[in-house]
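Residue numbers (our numbering), protein chains in the order written: chain Y, 1 to 335; chain C, 1001 to 1288.
Beta carbons: idealized from backbone N, C-alpha and C, even for Gly.
Only one structure is covered here, and it is reproduced in the block below.
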């Protein structure tokens, strides 16, 4: 017997969580792109999509984040810290790739210097992942040795039952158990089976790719120029990536008062690495695409023992010129 | 967006407030500033952590932050000195600040020159143009405890006489009996009264021919100078393990998160900025 949450009880659960002080967030259609956002009613959720277009990371590492407010008077500078928005929240209906992405970035935001903006939100969020029962041609979690029902980064894993009538509950962490204790009145015991998770075919041989990337000789391979020739450097892949974490720090305001912000940035941009002298270590689009792939599958795992990719496929799905990590690693697999 | 303001929390991106207590123009567009901490706690933290070779992010609120080395030595921690060329938004704002004005400093970050390991050894400093500041931090850190080191040789060159920085200190080093200073300017950069060498740094270095025996070399300069100086040092018999340099890449966070300063797999902000030539030669040259 497993406990089950029937979808017709979801409104009750949302009300219960909300009255317990939790903001309820989940996949929503959104105005332009779909993403994860707060809802008040179950009807606001959109569980039908393979995964939202915008990544879950933006709820932890927003596109723009105010860090400090500064006020300058004669011979005096006052600063006030902004902190990540306070308040516990439950993310209901995350995808496994998005949840894994959070766990992948934890060590990066925590090594030596701890980024409180990230960790405060991490500590205040319960991640309830729904295992995938459908996928599209871009999904590639299995190629990254993850799965449509990976538990990495999740506090609770839900498995859908037949006809979208509800979900079987697997509580993974204390935080998950606490959140589900709040709604225990609405849960039922059941022996109903879960719908099998979708089969996502493996698209490339990750180990072979990593071996190729680790070979110093391949850093200067003509492969990089060929594969990235189409890249227009728009940065969509990095912005929509659930693990890309690069940022810029900019002041918004004037000499007397303003806000210092942390904004998404991208290794796709030429200015990203440009020196004051005009020298640019990564002056070509191919050098920048090489950096992105090397970073994800060679440098990042070298430091944190995990690939900086969870296989969501957004980079390929949203690329305006039809290139992405999948295409690149498939080509590397053939070398 | 909800923007909650909270009282002070541990915020790794929050800089210390510094007062400008001294300014000195070194060369056209190049200025040195001496900064003092306003909060004693920030100063204590700096005194505990700063070692020569480390860098910081210097800033002006409303303009942003720029990364340069700490140009003052680890033997003088009452203040921080930085030397920069006015070239962009932040450096212009810094250059426009007056004595008494407040600016910001975040750091010190990165690794350092392991100068205890240099004890008892001869030291050869080689520098070009505006790259003297990081070298100068090491030079004074050693000269302030002169007895611990062997022979000290400084080879410094710039494009023109006007471009030489720390001219007053060059005079001081020139007069010291325990320092050998070799100054040079690029051909065409000499003034009528120039009494020193004319020639590029690598050539002048080869003429000076310092012995590699028991000697540590510290080189800082533009990439092209470093490239040819390394060749010259090799000719002179220096082992790459005994040659140190410092890399300066664009940075925003300084603490290993913003993702831009890496050369290959090496994060300059955390594993550097100080590297031996042997370490640099293992990095992918196309990423430098």
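What are the boundary residues of the beta strand (DSSP E) that residue i is part of?
{"i": "residue 190 (chain Y)", "result": "187-190"}
{"i": "residue 237 (chain Y)", "result": "Where residue 237 (chain Y) is concerned, there is no enclosing beta strand (DSSP E), although the alpha helix (DSSP H) it sits in stretches over 236-240."}
{"i": "residue 2 (chain Y)", "result": "2-6"}
{"i": "residue 329 (chain Y)", "result": "Where residue 329 (chain Y) is concerned, there is no enclosing beta strand (DSSP E), although the alpha helix (DSSP H) it sits in stretches over 325-334."}
{"i": "residue 304 (chain Y)", "result": "Not the beta strand (DSSP E): residue 304 (chain Y) falls in the alpha helix (DSSP H), residues 300-304."}
{"i": "residue 1046 (chain C)", "result": "Careful: residue 1046 (chain C) lies outside any beta strand (DSSP E), inside the alpha helix (DSSP H) at 1040-1049."}
{"i": "residue 1258 (chain C)", "result": "Unbroken run through residue 1258 (chain C): none, as it is neither H nor E."}
{"i": "residue 71 (chain Y)", "result": "64-73"}
{"i": "residue 49 (chain Y)", "result": "Premise fails: residue 49 (chain Y) is in no beta strand (DSSP E) and is neither H nor E."}
{"i": "residue 193 (chain Y)", "result": "Here residue 193 (chain Y) belongs to no beta strand (DSSP E), and DSSP marks it neither H nor E."}
{"i": "residue 82 (chain Y)", "result": "Careful: residue 82 (chain Y) lies outside any beta strand (DSSP E) and carries neither H nor E."}
{"i": "residue 94 (chain Y)", "result": "89-94"}
{"i": "residue 1062 (chain C)", "result": "From DSSP, residue 1062 (chain C) is part of no beta strand (DSSP E); its letter is neither H nor E."}
Just to make sure I have the definition right: I need the residues of chain Y whose C-beta is within less than 9 Å of the C-beta of residue i. Which are they?
{"i": "residue 1324 (chain C)", "result": "Any question about residue 1324 (chain C) goes unanswered here, given that chain C covers just 1001 to 1288."}
{"i": "residue 1185 (chain C)", "result": "Those within 9 Å of residue 1185 (chain C) in chain Y number zero; the least Cβ separation is about 19 Å."}
Under 8 Å between beta-carbons, which chain Y residues line up against residue i? List them in chain order, please.
{"i": "residue 1252 (chain C)", "result": "247, 248, 249 and 265"}
{"i": "residue 1088 (chain C)", "result": "276"}
Taking Cβ positions, are residue i and residue j nearer each other than 8 Å?
{"i": "residue 161 (chain Y)", "j": "residue 168 (chain Y)", "result": "yes"}
{"i": "residue 127 (chain Y)", "j": "residue 149 (chain Y)", "result": "no"}
{"i": "residue 1083 (chain C)", "j": "residue 1021 (chain C)", "result": "no"}
{"i": "residue 1242 (chain C)", "j": "residue 1261 (chain C)", "result": "no"}
{"i": "residue 1053 (chain C)", "j": "residue 1273 (chain C)", "result": "yes"}
{"i": "residue 96 (chain Y)", "j": "residue 139 (chain Y)", "result": "no"}
{"i": "residue 1 (chain Y)", "j": "residue 191 (chain Y)", "result": "yes"}
{"i": "residue 261 (chain Y)", "j": "residue 67 (chain Y)", "result": "yes"}
{"i": "residue 1093 (chain C)", "j": "residue 1060 (chain C)", "result": "yes"}
{"i": "residue 1127 (chain C)", "j": "residue 1199 (chain C)", "result": "no"}
{"i": "residue 1215 (chain C)", "j": "residue 1124 (chain C)", "result": "yes"}
{"i": "residue 244 (chain Y)", "j": "residue 1258 (chain C)", "result": "no"}
{"i": "residue 1226 (chain C)", "j": "residue 1245 (chain C)", "result": "yes"}
{"i": "residue 310 (chain Y)", "j": "residue 51 (chain Y)", "result": "no"}
{"i": "residue 1264 (chain C)", "j": "residue 1251 (chain C)", "result": "no"}
Looking at the unbroken alpha helix (DSSP H) that takes in residue i, where does it start and where does it end?
{"i": "residue 315 (chain Y)", "result": "314-317"}
{"i": "residue 12 (chain Y)", "result": "10-19"}
{"i": "residue 294 (chain Y)", "result": "285-294"}
{"i": "residue 228 (chain Y)", "result": "223-228"}
{"i": "residue 1081 (chain C)", "result": "Here residue 1081 (chain C) belongs to no alpha helix (DSSP H); instead the beta strand (DSSP E) covers 1080-1085."}
{"i": "residue 1226 (chain C)", "result": "1223-1236"}
{"i": "residue 1093 (chain C)", "result": "1089-1096"}
{"i": "residue 213 (chain Y)", "result": "206-214"}
{"i": "residue 1016 (chain C)", "result": "First-last for residue 1016 (chain C): 1016-1027, but that is the beta strand (DSSP E), not the alpha helix (DSSP H)."}
{"i": "residue 1268 (chain C)", "result": "1268-1271"}
{"i": "residue 1280 (chain C)", "result": "1277-1281"}
If you count every other CB in all the chains shown that lies within 10 Å of the CB of residue i, and 16 or more means buried, which is it?
{"i": "residue 414 (chain Y)", "result": "For residue 414 (chain Y) there is no data in the structure shown, the boundaries of chain Y being 1 and 335."}
{"i": "residue 158 (chain Y)", "result": "buried"}
{"i": "residue 1278 (chain C)", "result": "exposed"}
{"i": "residue 1078 (chain C)", "result": "exposed"}
{"i": "residue 1172 (chain C)", "result": "exposed"}
{"i": "residue 1010 (chain C)", "result": "exposed"}
{"i": "residue 1108 (chain C)", "result": "buried"}
{"i": "residue 1104 (chain C)", "result": "buried"}
{"i": "residue 1049 (chain C)", "result": "exposed"}
{"i": "residue 275 (chain Y)", "result": "exposed"}
{"i": "residue 1081 (chain C)", "result": "buried"}
{"i": "residue 202 (chain Y)", "result": "exposed"}
{"i": "residue 255 (chain Y)", "result": "exposed"}
{"i": "residue 41 (chain Y)", "result": "exposed"}
{"i": "residue 1007 (chain C)", "result": "Because residue 1007 (chain C) carries a pLDDT of 37, less than 50, the predicted location of this residue cannot be relied on, and no value is offered for it."}
{"i": "residue 220 (chain Y)", "result": "exposed"}
{"i": "residue 229 (chain Y)", "result": "exposed"}
Can you list the residues of chain C that residue i reaches, using a CB-CB cut of under 9 Å?
{"i": "residue 298 (chain Y)", "result": "1264 and 1265"}
{"i": "residue 72 (chain Y)", "result": "1061, 1062 and 1102"}
{"i": "residue 109 (chain Y)", "result": "1257"}
Just the chain C side, please: which residues come within less than 7 Å of residue i by C-beta, in chain order?
{"i": "residue 220 (chain Y)", "result": "1286"}
{"i": "residue 194 (chain Y)", "result": "Simply none; closest approach about 36 Å."}
Just the chain Y side, please: which residues come within less than 7 Å of residue i by C-beta, in chain order?
{"i": "residue 1065 (chain C)", "result": "249"}
{"i": "residue 1010 (chain C)", "result": "116"}
{"i": "residue 1299 (chain C)", "result": "Since the displayed chain C opens at 1001 and closes at 1288, residue 1299 (chain C) lies outside it and no answer follows."}
Indicate, with yes or no, if the ligand ATP has a heavy atom lying under 7 Å from the CB of residue i.
{"i": "residue 1073 (chain C)", "result": "In terms of ligand content, the structure shown is empty, and the ligand ATP therefore cannot be addressed."}
Indicate whether at least one CB of chain A lies closer than 8 Å to the CB of residue i.
{"i": "residue 60 (chain Y)", "result": "You won't find chain A in this structure, because its protein chains are Y and C."}
Along chain C, in chain order, which residues have C-beta atoms closer than 8 Å to that of residue i?
{"i": "residue 281 (chain Y)", "result": "1249, 1263, 1287 and 1288"}
{"i": "residue 67 (chain Y)", "result": "1011, 1013 and 1014"}
{"i": "residue 287 (chain Y)", "result": "1286 and 1287"}
May I have a chain-ordered list of the beta strand (DSSP E) segments no shorter than 3 residues that lie completely inside the region 99-173 of chain Y? 125-130, 156-160 and 166-171
In chain order, what are the residue ranges of uninterrupted beta strand (DSSP E) at least 3 long that sit wholly in the region 239-282 of chain Y? 247-253 and 257-264
What runs of the beta strand (DSSP E), each 3 residues or longer, lie entirely inside the region 1124-1209 of chain C? 1152-1158 and 1179-1185
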